[in-house]
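*Asks:* So the protein lines, in turn, are chains A and B. Residue 94 in the working numbering sits at position 92 of the first sequence; the count goes up by one each step and never skips. Residue 119 in the working numbering sits at position 103 of the second sequence; the count goes up by one each step and never skips. Glycine is no exception: its CB is placed at the ideal position from the N, C-alpha and C atoms. Keep in mind the model is a prediction, meaning the values are calculated, not measured.
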Amino acid sequence: EGQLVESGGGLVEPGRSLKLSCAASGFTFSNYVMDWVRQAPKKGLEWVASISTGGGNTYYPDSVKGRFTISRDNAKSTLYLQMNSLRSEDTATYYCAAVKTGFDYWGQGVMVTVSS
Amino acid sequence: DIVMTQGVLPNPVPSGESASITCRSSKSLVYKDGKTYLNWFLQRPGQSPQLLTYWMSTRASGVSDRFSGSGSGTYFTLKISRVRAEDAGVYYCQQVREYPLTFGSGTKLEIK
Chain A
3 EGQLVESGGG LVEPGRSLKL SCAASGFTFS NYVMDWVRQA PKKGLEWVAS ISTGGGNTYY
63 PDSVKGRFTI SRDNAKSTLY LQMNSLRSED TATYYCAAVK TGFDYWGQGV MVTVSS
Chain B
17 DIVMTQGVLP NPVPSGESAS ITCRSSKSLV YKDGKTYLNW FLQRPGQSPQ LLTYWMSTRA
77 SGVSDRFSGS GSGTYFTLKI SRVRAEDAGV YYCQQVREYP LTFGSGTKLE IK
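1. If we cut at 8 Å on Cβ distances, does residue 106 of chain A have a partner in chain B?
2. Identify the contact partners of residue 110 of chain A in chain B, using a Cβ-Cβ distance below 7 Å as the criterion.
3. Tell me whether residue 104 of chain B sits in a helix, a strand or coil according to DSSP, three-state version.
4. Does the beta carbon of residue 45 of chain B sit closer than 8 Å to a beta carbon anywhere in chain A?
5. Under three-state DSSP, which class holds residue 27 of chain B?
6. What are the start and end residues of the beta strand (DSSP E) that includes residue 30 of chain A?
7. Using the beta-carbon count (16 or more within 10 Å), is residue 96 of chain A buried or exposed?
8. I want to verify the contact list: residues of chain B whose CB lies under 9 Å from the CB of residue 60 of chain A, in sequence order.
9. Identify whether residue 121 of chain B lies in helix, strand or coil by the three-state DSSP scheme.
10. Do you know whose CA, among B/62, B/47 and B/69, lies nearest residue 110 of chain B's CA?
11. Within the 8 Å Cβ cut-off, does residue 107 of chain B reach chain A?
12. Residues of chain B with CB closer than 8 Å to the CB of residue 91 of chain A, please, in chain order.
13. Smallest Cα separation from residue 66 of chain A: which of A/7, A/91 and A/3?
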């Protein structure tokens, strides 16, 4: 059974940066497209980023494009999300997810709070 | 962007009854391979989302056959038969037909 564990969250001031990590185990990481999905407090789910199996293709919604960068290290079975120029509206729980047929595996989530 | 619109349930639903959750997309989710790229998730309180179905009607591994997905290219239904207390939570549909991927706003299911 696949497992994903996020880390790197915390409290950060507006305009600053933060990098999230997601460690994968229990499945062949390099065979899965990987995604980040976030959920603001008491709100619904919002897709944040996707990366292809080899890392050559990345996708973002307009809300984070140019500020967030998704990357992966298949040798380490780890996914990353570099978040720059953070805004208060980026405050959310961030989940990483592994995608084969659907969003098959999800992490437990990591909280990011953007506030002065 | 494809907009996903979910319906509301007449909560609470009595245990043992059936519940149907609806989802509509602003564009057809049928791809040229013939598959319909629509996922359903359940998020129980305090937990991460859990994949229920993909390709509109294929149940994910380990998911009870009480959950069944159906629909057309733009209108979808997740039916839950014989609801149980453990089915309570928020259900989300998601289109993965094209980027940006988008979710519905969620449908809350309460069990009586």
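*Replies:* Considering the structure as presented:
1. With 8 Å as the cut-off, residue 106 of chain A counts as an interface residue toward chain B.
2. Simply 64.
3. Residue 104 of chain B: coil per DSSP, three-state reduction.
4. So, not an interface residue.
5. Residue 27 of chain B carries a coil assignment under DSSP once its states are collapsed to helix, strand and coil.
6. Bounds of any beta strand (DSSP E) do not take in residue 30 of chain A, whose DSSP letter is neither H nor E.
7. Residue environment: residue 96 of chain A is assigned as buried (16 or more neighbouring CB atoms within 10 Å of its CB, all protein chains considered).
8. Per Cβ cutoff of 9 Å: no residues; residue 60 of chain A is ~10 Å from chain B at best.
9. DSSP, read as helix, strand or coil, puts residue 121 of chain B in coil.
10. The shortest C-alpha separation from residue 110 of chain B is found at B/69.
11. No, because no Cβ of chain A sits closer than 8 Å to the Cβ of residue 107 of chain B.
12. Residues of chain B with a Cβ closer than 8 Å to the Cβ of residue 91 of chain A do not exist, since the nearest Cβ in that chain sits about 16 Å away.
13. Nearest of A/7, A/91 and A/3 to residue 66 of chain A, Cα basis: A/91.
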